[in-house]
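Undergrad: Just dropping this structure here.
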Amino acid sequence: MTSRMRSLYLEGHNYSIFDLTREDRVQIQIHGNSIQGRILYGNSPIEIIEQFTGNIGRPPELPDWIISGAVVGMQGGTDMVYNVWDELKAYRVPISAFWLQDWVGQRKTFIGSQLWWNWEVDTTRYWGWRKLIQDLDAQHIKVMTYCNPCLALVDQKPNKRRILFNEARSLGVLVKDKNGDPYMVPNTAFDVGMLDLTHPDTTIWFKRILQEMVDDGVRGWMADFGEGLPVDAILYSGEDPITAHNRYPELWAQINREFVDEWKINHGEEGDTPVFFVRAGFKNSPKWAMLFWQGDQMVSWQANDGIKSAVVGLLSSGLCGYAFNHSDIGGYCAVNLPLINYQRSGELLLRWMELNSLTTIFRTHEGNKPSCNSQFYSNHRTLSHFARFAKVYSAWKFYRVQLIKEAAQRGLPVCRHMFLHYPDDETVLGFTYQQFLVGTEILVVPVLDKGKTSVKAYFPRGESSSWKHIWTGKVYGNQEAWVEAPLGYPAVFVKFGSVVEETFMKNLRDLEIL
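Per full-length UniProt numbering, the very first residue in the sequence shown carries number 1; after that it's consecutive.
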């Protein structure tokens, strides 16, 4: 989609390269024997996105529980969860869920803390697993976990009950190499086998694993990976692995989605519906995935793979039908080497909290090197900031619900590049990560640079509406302005005189944020 309302997308899953670096043309290279695409016509970006998502599919509405408060991503085991929960209660943090990716147990490798890729609870690390889930659920807090379509050999894990890799190998549902053996894919510090998602038995077998997890009371999970199918793999379907490489993440999301839809048919409890979120995708992923996140940003201020890139990914994915997207608060990838050192600073963590409080999901992540990173539970400063912006996130839930319904019906993203609503504004066309809209009624100008305490905000010229600064009440419109944005007071504006302004501001006051 271009600023001249020219739009084209390709059908199929062939490897393709889009070159938009030339000012006079857009070039597309496709590796395949045929090409099929569609040209969409529309008078606005909104019309084109509606047409596009009408063709490829749109996500279902998210259940209420996942958007009601913070998704607390942490690790450490049962005792650690109870301790952190007590701290969060003391700070009155609204909580949707605890996301416990180390539920399978944790191993130390040269890149940091990693997981045992064998999808069963580690009952040593998480003793009293079902009771923990029940205790949290009694306070309307869900438990979320982690899985992916790969399996590791866990012979060295002391308390394993099953070895899923061996089960999958016996069933013949692992991707094979040219010799007919399981294709062992290098993954940082260990090798893994990948599930062959083209094999019909894979779906049946993996849904049973998900069922066991949900039977314990789990109501959500990160469905990680899906992007790494080797291009020389041998698949059950016999299809070209280069083409299947792009189809694989869609199949991965489809298996998870089918499980959730079947659960809903059997239980009919809409408010308790499980949720999964993915990072890998292709054209049809919005049809299957319930929620996206943007993978593993660096714990840095950089534009290429730090906090700024999280905004770029958020907004660009919204143009492609990925209506519900978010990033890890604080980023993920830390590096602790003699000549290269990236560790999550307290300031970066706090600014990322501010940013994500205005996105679809407010979820933390400890990162790959938790002990090197500032965490939400590190000290009073981080805990109080986390509580403050979990409440900011809660304060606009009423509007988030509206936007989620709109996304399911029309395919429009919750967080939007301003181009969607101001396509003729030359200033807006120059934005990458500088500012964005939440729906049409909230404008966010995040602080994305170290040590910065003010931002330059742009309020589109020629617009009849004005924008109210939520912290000072000052009204802006048809101008550029420098706005103070010290820690704890990011530059957030709401459309002046709107119902959203009235309700949002009231909620902020009721939550004692104002």
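The beta-carbon is built from N, C-alpha and C at its ideal position, and this holds for glycine as well.
#1: Which class does residue 16 belong to by DSSP, given the choice of helix, strand or coil?
#2: To the nearest whole angstrom, what separates the beta carbons of residue 330 and residue 373, a pair I think is in contact under 8 Å?
#3: Looking at C-alpha atoms only, which residue of 86, 59, 218 and 171 is the closest neighbour of residue 137?
#4: What are the boundary residues of the alpha helix (DSSP H) that includes residue 259?
#5: Could you tell me the alpha carbon to alpha carbon distance between residue 98 and residue 221, rounded to whole angstroms?
#6: To the nearest angstrom, report how far apart residue 26 and residue 19 are at their CA atoms.
#7: Which partner residues does residue 29 have in the DSSP bridge list?
#8: Cα separation between residue 244 and residue 456?
#9: Return the bridge partner residues of residue 341 from the DSSP annotation.
#10: Please give me, in chain order, every unbroken run of the alpha helix (DSSP H) with length at least 4 that falls completely inside the region 155 to 229.
#11: I'd like the list of long-range same chain contacts for residue 425, defined as Cβ closer than 6 Å, with 5 residues on each side in sequence excluded.
#12: Would you identify the three-state DSSP class for residue 276, choosing helix, strand or coil?
#13: Taking all protein chains shown into account, decide if residue 252 is buried (16 or more other Cβ within 10 angstroms of its Cβ) or exposed.
#14: Using the three-state DSSP reduction, which class does residue 307 fall into: helix, strand or coil?
#15: Given a cut-off of 7 Å, decide if residue 350 and residue 487 are closer than it, judged by their beta-carbon atoms.
#16: Measuring CB atoms only, is the region 430 to 447 touching the region 331 to 344, in the sense that at least three cross pairs come out at less than 8 Å?
#17: Would you give the residue range spanned by the beta strand (DSSP E) that residue 113 belongs to?
#18: For residue 315 and residue 404, I'd like the C-alpha separation in whole angstroms.
#19: Got a sec? Which residues, its chain only, sit under 8 Å from residue 163 by beta carbon, not counting five neighbours each side?
#20: In angstroms, rounded to a whole number, what distance separates the CA positions of residue 94 and residue 289?
#21: Could you check which residue in 203, 500, 442 and 279 has the C-alpha nearest to that of residue 254?
#22: What residues in its chain sit with their C-beta under 6 Å from that of residue 175, if we drop five residues either side in the sequence?
#23: Residue 324 and residue 292 look like a contact to me (Cβ under 8 Å); what is the Cβ gap, rounded to whole Å?
#24: What do you get for residue 231, buried or exposed, if any count of 16 or more other CB atoms within 10 angstroms of its CB means buried?
#25: Can you name the start and end residues of the alpha helix (DSSP H) that residue 351 belongs to?
#26: Should residue 518 go down as buried or exposed, given a rule of 16 or more other Cβ atoms within 10 Å for buried?
#27: Secondary structure at residue 82, three-state DSSP: helix, strand or coil?
#28: Looking at the unbroken alpha helix (DSSP H) that takes in residue 393, where does it start and where does it end?
#29: Given this structure, state the Cα-to-Cα distance separating residue 412 from residue 326, to the nearest angstrom.
#30: Can you look up residue 138 in the DSSP assignment and give me helix, strand or coil?
#31: With distance defined between alpha-carbon atoms, name the residue in 273, 392 and 208 nearest to residue 506.
#32: Quick one: residues in its chain with C-beta nearer than 7 Å to the C-beta of residue 485, no 5 flanking neighbours on either side, listed in chain order?
#33: Decide if residue 28 is buried, meaning its Cβ has at least 16 other Cβ atoms within 10 Å, or exposed.
#34: As a quick exercise: from 359, 361 and 377, pick the residue whose alpha carbon is nearest that of residue 346.
#35: With 16 other CB atoms within 10 Å as the buried threshold, where does residue 52 fall?
#36: Hey, would you say residue 65 sits closer than 7 Å to residue 96, going by beta carbons?
TA: In terms of the structure at hand:
#1: Here residue 16 corresponds to residue number 16 of the sequence shown, with the count starting at 1. Strand.
#2: In the sequence shown, the residue the question calls residue 330 occupies position 330. In the sequence shown, the residue the question calls residue 373 occupies position 373. About 7 Å; that satisfies the 8 Å criterion.
#3: One-based indexing of the sequence shown puts residue 137 at position 137. The option with the nearest alpha carbon to residue 137 is 218.
#4: Taking the first residue of the sequence shown as 1, we reach residue 259 at position 259. Its alpha helix (DSSP H) spans residues 241 to 267.
#5: Within the sequence shown, numbered from 1, the residue matching residue 98 stands at position 98. Within the sequence shown, numbered from 1, the residue matching residue 221 stands at position 221. For residue 98 and residue 221, the distance between alpha carbons rounds to 10 Å.
#6: Against the sequence shown, residue 26 aligns to sequence position 26. Against the sequence shown, residue 19 aligns to sequence position 19. Those two C-alpha atoms are separated by around 6 Å.
#7: On the sequence shown, position 29 is the one that residue 29 refers to. Looking at the DSSP assignment, residue 29 forms a beta bridge with 17.
#8: To locate residue 244, count along the sequence shown from 1; it is residue 244. To locate residue 456, count along the sequence shown from 1; it is residue 456. The straight-line gap from Cα to Cα measures roughly 45 Å.
#9: Numbered from its first residue, the sequence shown carries residue 341 at position 341. Residue 341 is bridged to 336.
#10: 164 to 171 and 200 to 215
#11: As a working note, residue 425 is residue 425 in the sequence shown. Closer than 6 Å at Cβ, skipping near neighbours: 460.
#12: The sequence position of residue 276 within the sequence shown is 276, counting from 1. Residue 276: strand per DSSP, three-state reduction.
#13: To locate residue 252, count along the sequence shown from 1; it is residue 252. So residue 252 counts as buried.
#14: Here residue 307 corresponds to residue number 307 of the sequence shown, with the count starting at 1. Note: residue 307 maps to helix in three-state DSSP.
#15: Position 487 of the sequence shown holds residue 487. Position 350 of the sequence shown holds residue 350. A contact, by the Cβ cut-off of 7 Å.
#16: no
#17: Position 113 of the sequence shown, counted from the start, is the residue given in the question as residue 113. Run containing residue 113: 112 to 115, per the beta strand (DSSP E) assignment.
#18: In the sequence shown, counting from the first residue as 1, residue 315 sits at position 315. In the sequence shown, counting from the first residue as 1, residue 404 sits at position 404. Those two C-alpha atoms are separated by around 16 Å.
#19: Mapped onto the sequence shown, residue 163 falls at position 163. Excluding positions up to five away in sequence, the list reads 118, 153, 154 and 155.
#20: Here residue 94 refers to the residue found at position 94 when the sequence shown is read from its first residue. Here residue 289 refers to the residue found at position 289 when the sequence shown is read from its first residue. Each residue's Cα considered, the two are about 26 Å apart.
#21: Taking the first residue of the sequence shown as 1, we reach residue 254 at position 254. Ranking the options by Cα distance to residue 254, first place goes to 203.
#22: Along the sequence shown, read from residue 1 onward, the residue named residue 175 stands at position 175. Correct list, in chain order: 183, 194, 196 and 233.
#23: For the purposes of this step, residue 324 is identified with residue 324 of the sequence shown, where counting begins at 1. For the purposes of this step, residue 292 is identified with residue 292 of the sequence shown, where counting begins at 1. Sure, about 6 Å apart at Cβ, within 8 Å.
#24: By 1-based counting over the sequence shown, the position of residue 231 is 231. Exposed, since its Cβ has fewer than 16 Cβ neighbours within 10 Å.
#25: Within the sequence shown, numbered from 1, the residue matching residue 351 stands at position 351. Looking at the DSSP string, the run of the alpha helix (DSSP H) that includes residue 351 is 346 to 356.
#26: No answer is possible for residue 518: it lies beyond the span of the chain, which begins at 1 and ends at 514.
#27: By one-based count along the sequence shown, residue 82 stands at place 82. Correct three-state label for residue 82: helix.
#28: To locate residue 393, count along the sequence shown from 1; it is residue 393. Counting along the chain, the alpha helix (DSSP H) containing residue 393 begins and ends at 380 to 395.
#29: For the purposes of this step, residue 412 is taken as the residue at position 412 of the sequence shown. For the purposes of this step, residue 326 is taken as the residue at position 326 of the sequence shown. Each residue's alpha carbon lies about 15 Å from the other.
#30: Your numbering for residue 138 matches position 138 in the sequence shown. Residue 138 falls in the coil class under three-state DSSP.
#31: Position 506 of the sequence shown, counted from the start, is the residue given in the question as residue 506. When each option's Cα is compared against that of residue 506, the closest is 392.
#32: If you number the sequence shown from 1, residue 485 lands on position 485. Closer than 7 Å at Cβ, skipping near neighbours: 447, 453, 454, 455 and 491.
#33: To locate residue 28, count along the sequence shown from 1; it is residue 28. Label assigned to residue 28: exposed.
#34: As a first step, residue 346 is located in the sequence shown; it is residue number 346 there, counting from the start. Ranking 359, 361 and 377 by Cα distance to residue 346 puts 377 first.
#35: What you label residue 52 is simply residue 52 of the sequence shown in a count that begins at 1. Residue 52 is buried by the Cβ-count criterion.
#36: As a position in the sequence shown, residue 65 is number 65, starting the count at 1. As a position in the sequence shown, residue 96 is number 96, starting the count at 1. Closer than 7 Å, so yes.
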